[in-house]
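Here is the structure we will look at, set down as structure tokens.
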Amino acid sequence: MVQATARHLLVDTEEQCLELKQQIENGADFADLAKAHSSCPSGAQGGELGSFGPGMMVPEFDRVVFSAPLNEVQGPVKTAFGYHLLEVTSRG
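For any residue, its number in the numbering used here is found by taking its place in the sequence shown, counting from 1, and adding 54.
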């Protein structure tokens, strides 16, 4: 089964998500922003989610994780939890 590793940050609004994505694109560190802004407990680890397979995350998240290019920030991705920025760090 395919496994992926990814990191993400979760915020309440699309606007905040877009602002953080812009900061990352301008050179801000993803992990530092996740620690400062993410409402997910994974934020304390810089947004690291570890390794997981298809179906272990919500469908909206899975679609991006198992199709997006590696090491490129994706989002905003809207789920029932809020708005995510995510970066797939490996897949195989």
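Virtual Cβ for every residue (Gly too), placed ideally from N, Cα, C.
Only a predicted model underlies this, so the values are computations on that prediction, with no experimental measurement involved.
Annotation note: the stretch 97-142 contains the following uninterrupted beta strand (DSSP E) runs of length 3 or greater, listed N- to C-terminal: 102-106 and 127-133.
Beta-bridge analysis with DSSP links H91 to no other residue.
Around the Cβ of Q128, a 10 Å sphere holds 16 or more other Cβ atoms; the residue is buried. Inclusion of A82 and T143 in the CB contact set at 8 Å is not warranted, their separation being larger than that value.
With distances taken between CA atoms, L64 lies nearest to K75 out of S121, Q57 and K75.
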